[in-house]
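Chains as they are written, first to last, in the working numbering: chain A, 1 to 248; chain B, 1001 to 1356. The C-beta atom is built at its ideal place from N, Cα and C for all residues, glycine as well. Every value quoted in this text rests on a predicted model; they were computed, and no experiment measured them. What follows is a set of notes on a single structure, which appears directly below.
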Amino acid sequence: MASEKTVYKKPKSLTDVNFTYCWGCGHSTVHKLIAEIVDELNIRETLIGVAPVGCAVFAYDFWNFDVTEAAHGRAPVVATAIKRVHPDKTVFCYQGDGDMVSIGLAEIMHTANRGENLTVIFINNTNYGMTGGQLAPTSLMGQVTTTSPRGREAALHGYPIKMAELLTQFEGVKYIERVKVTDAASVIKTKKALKKAFLNQINGVGFSFVEVLSSCPANWRMDPVTANAHIDKNIAAYYPLGLIKDVK
Amino acid sequence: MTTKSNEKVFIKGNHAVVEAALDAGCRFYAGYPITPQNEIPEFMSKRMHEEKGTFIQAESELISVNMVFGAAAAGARAMTTSSSPGISLMQEGISYMAGCELPAVLVNVMRGGPGLGNIQPSQSDYFQATRPGHGDFRMITLAPHNIQEMYNFTFDAFDLADKYRNPVMILADGLLGQLMENVELDRSRKPLYLNTPKPWALTGAKGRDGQRILSLLMQPGVLEKHNFDLKKKYDLMTKDEIKFEAQGMENNPDYLIVAFGTVARISKGTIRLAAEEGLKAGLFRPITVWPFPYAQLKEAAKKVKKIFVLEMNMGQMLDDVKIAVEDASKIEFYGRPGGGVPTAEELLKFIKGKVK
Chain A
1 MASEKTVYKK
11 PKSLTDVNFT
21 YCWGCGHSTV
31 HKLIAEIVDE
41 LNIRETLIGV
51 APVGCAVFAY
61 DFWNFDVTEA
71 AHGRAPVVAT
81 AIKRVHPDKT
91 VFCYQGDGDM
101 VSIGLAEIMH
111 TANRGENLTV
121 IFINNTNYGM
131 TGGQLAPTSL
141 MGQVTTTSPR
151 GREAALHGYP
161 IKMAELLTQF
171 EGVKYIERVK
181 VTDAASVIKT
191 KKALKKAFLN
201 QINGVGFSFV
211 EVLSSCPANW
221 RMDPVTANAH
231 IDKNIAAYYP
241 LGLIKDVK
Chain B
1001 MTTKSNEKVF
1011 IKGNHAVVEA
1021 ALDAGCRFYA
1031 GYPITPQNEI
1041 PEFMSKRMHE
1051 EKGTFIQAES
1061 ELISVNMVFG
1071 AAAAGARAMT
1081 TSSSPGISLM
1091 QEGISYMAGC
1101 ELPAVLVNVM
1111 RGGPGLGNIQ
1121 PSQSDYFQAT
1131 RPGHGDFRMI
1141 TLAPHNIQEM
1151 YNFTFDAFDL
1161 ADKYRNPVMI
1171 LADGLLGQLM
1181 ENVELDRSRK
1191 PLYLNTPKPW
1201 ALTGAKGRDG
1211 QRILSLLMQP
1221 GVLEKHNFDL
1231 KKKYDLMTKD
1241 EIKFEAQGME
1251 NNPDYLIVAF
1261 GTVARISKGT
1271 IRLAAEEGLK
1281 AGLFRPITVW
1291 PFPYAQLKEA
1301 AKKVKKIFVL
1311 EMNMGQMLDD
1321 VKIAVEDASK
1331 IEFYGRPGGG
1341 VPTAEELLKF
1351 IKGKVK
């Protein structure tokens, strides 16, 4: 007699809405990891998320917990206020690189410097995904985008900003790790890092930041497999993976 | 808890705003320094601590208004304050709060403009208060003309914000912020809606599905419906919340001064001086500059020979007066922009020059 047992099921913290992200996009993977962690930590009923402007603006369609939108780049200060009003709740923000590193640079820097006890998840796909693949402050040197048709060049655009490294200088920042979601092993590592970032907040450790190198095949004009290889070979070479700061 | 009783104090308008906010149950404030409203964050940093609320000195006006957005989304009574250039930056957050239907109070202690302008009292922001931000929305805007009203109207603003789930603005100016007067603080006044449940607020999805605060409505027709629904709310505000003061109308005045805020206050002196010279003038003072008392002004304007619109700008409320009155040829305008504050005598001289 064959017996059946459930080895995997959809997390309770995901709604029944299908992900609408493009093929190979890293957002769905990270969304799902967050939902799994929320279930595992049993914080679905005490969690408030802040969604960005950009592709992940629709995150609230997929997560079954409380989520607010925030104006472009302002997620960390919206989250700051929510956490101050509800210090007993878990509050996180989820931002892309256009949102955080360009228009929202002041918001993330000051939130980090204030050492708010928040979890910040940063999806770095080196371009503005939602608006069609324009140059971002994180775009690699030479990267061809819809607004850098000759490739990123230092004289015109400066150099890509390493957000994780930039935040290390703030004393209020307790944990920074850079991860990727290009294969099973790296997804498991990412989940571990995200979980730690949530646990840090729950345990009162303080500001915790996870940067996820994430794929954008549609705007990179690549197939998903090539896009992941591009992260492994080129993006991770500029943005080194691993633990960057961990203050106990 | 100690029983609160009324308290008579001699304080600045900026200080009165702080006491009103706390008396109205505001326990979240974020603000950024800008003259002439600095006493608000300064007093607030001390008083909010005493009341065990949250005071944050934000790092920009964009940050303070978006913090207020977050606090309001979390269900708190929240406020920010600024002056003209800072309010320009806050228009982003004001529009988002209107779109997301979040209650909040903003105080604009206006100064001269455009650009960095100066730090003198001005009514330079009538436009950006009564026609705020991007998108199709409205915001109740109260214009006090003395320090008692700075206190009373700030308190009112919190109740109105919760009543309609919409931002409300206090439109003051540098004179009202800095002036000291006797004020009666009504410590026994009960805030309305303070303990009314906010089932829409984000507090964690305890025993329910997750819920959202959002203004992004991409499906065809959904945003259009949202705008129609918002309009119904704005229509209710227009029906129920118009406030104005009419002075001297019982004497069948020949002339009507239309002024708000500081200029309305100065105009009361002008009307006394005019009476001494045998000129019968009344005052029509919009208190809600939005919703504007069009119908009431139309009525008051019918019986007079001339209407004097007096402002500390180059004619912003003037547009609303022209919408209200039937015979625009009766309107005369006098404005002092860029921080100029007229005297009662100066206004009288202008009026006399037009009526002889």
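Cβ of residue i within 8 Å of any chain B Cβ
i        : result
A:PHE65  : yes
A:LEU47  : yes
A:ILE82  : yes
A:VAL78  : yes
A:VAL120 : no
A:GLU36  : no
A:ALA71  : yes
A:THR68  : yes
A:GLU171 : no
A:PRO11  : no
A:ARG74  : yes
Three-state secondary structure assigned by DSSP to residue i
i         : result
A:PRO76   : helix
B:THR1154 : helix
A:TRP220  : helix
A:ARG178  : strand
B:VAL1321 : helix
A:ALA71   : coil
B:ILE1266 : helix
B:ASN1195 : coil
B:TYR1164 : helix
B:ILE1170 : strand
A:ALA124  : Looking at the sequence itself, residue 124 of chain A is Asn, so the reference to Ala does not match. A:ASN124: strand per DSSP, three-state reduction.
B:GLY1177 : helix
A:TYR60   : helix
A:ILE43   : coil
A:GLN95   : strand
A:ASN203  : coil
B:SER1088 : helix
A:ALA227  : helix
B:ILE1358 : This structure cannot speak to residue 1358 of chain B, because chain B is shown only from 1001 to 1356.
A:PHE209  : strand
B:PHE1228 : helix
Residue i burial status per 10 Å Cβ neighbour count (16 or more: buried)
i         : result
A:ALA221  : Per the sequence shown, the amino acid found at residue 221 of chain A is Arg instead of Ala. Exposed, since its Cβ has fewer than 16 Cβ neighbours within 10 Å.
B:LEU1062 : buried
B:THR1130 : buried
B:GLN1128 : buried
A:HIS86   : buried
A:VAL120  : buried
A:THR90   : buried
B:GLY1099 : buried
A:TYR159  : exposed
B:MET1048 : buried
A:TRP63   : buried
B:HIS1134 : exposed
A:VAL254  : The structure shown does not extend to residue 254 of chain A, since chain A spans only 1 to 248, so no value can be given for it.
A:GLN95   : buried
B:MET1001 : For B:MET1001, the pLDDT reaches just 39, beneath the cut-off of 50, and the residue's location in the model is therefore unreliable, although a value from the coordinates is still provided. Counting Cβ neighbours within 10 Å, B:MET1001 comes out exposed, since fewer than 16 surround it.
Cβ of residue i within 8 Å of any chain A Cβ
i         : result
B:TYR1032 : no
B:GLU1059 : yes
B:TYR1193 : no
B:GLU1092 : yes
B:GLN1211 : yes
B:LEU1202 : yes
Beta-carbon proximity list for residue i, same chain, < 7 Å, skipping 5 on both sides
i         : result
A:VAL181  : GLY26, THR29, VAL30, VAL187, THR190, VAL212, SER214
A:ILE161  : VAL101, PRO137, THR138
B:LEU1189 : This sequence places Arg at residue 1189 of chain B; Leu is not what is there. Contacts found: ASP1023, PHE1155.
Neighbouring residues, chain D, relative to residue i (Cβ below 7 Å)
i       : result
A:HIS27 : Among the protein chains in the structure shown, which are A and B, there is no chain D.
Own chain residues within Cβ distance below 6 Å of residue i, not counting five before or after
i         : result
A:VAL247  : LYS174
B:ALA1020 : TYR1151, THR1154, PHE1155
B:LEU1089 : GLU1061, LEU1062
B:ALA1078 : PHE1028, VAL1068, ALA1071, ALA1072, ALA1104
Same chain, Cβ closer than 8 Å to residue i, neighbours up to 5 away in sequence not counted
i         : result
B:TYR1294 : ASP1320, ILE1323, ALA1324
B:PRO1114 : SER1124
A:LEU140  : THR126, ARG152, PRO160, ASN234, ILE235, TYR238
A:ILE103  : HIS72, GLY73
B:THR1262 : PRO1121, GLN1123, HIS1145, ASP1173, LEU1175, LEU1176, MET1312, VAL1341
A:ALA193  : GLU177, VAL179, VAL210
Residue i Cβ short of 7 Å to the ligand GTP heavy atom set
i         : result
B:PRO1291 : As far as ligands go, the structure on display features none, and thus does not contain the ligand GTP.
Which runs of the alpha helix (DSSP H) spanning at least 4 residues fall entirely within the region 1100–1152 of chain B, listed in chain order? Entirely contained in the region 1100–1152 of chain B, the alpha helix (DSSP H) runs reaching 4 residues are, in chain order, 1126–1130.
Ranges of the beta strand (DSSP E) found wholly within the region 1025–1078 of chain B, counting only runs of at least 3: 1028–1031, 1054–1057
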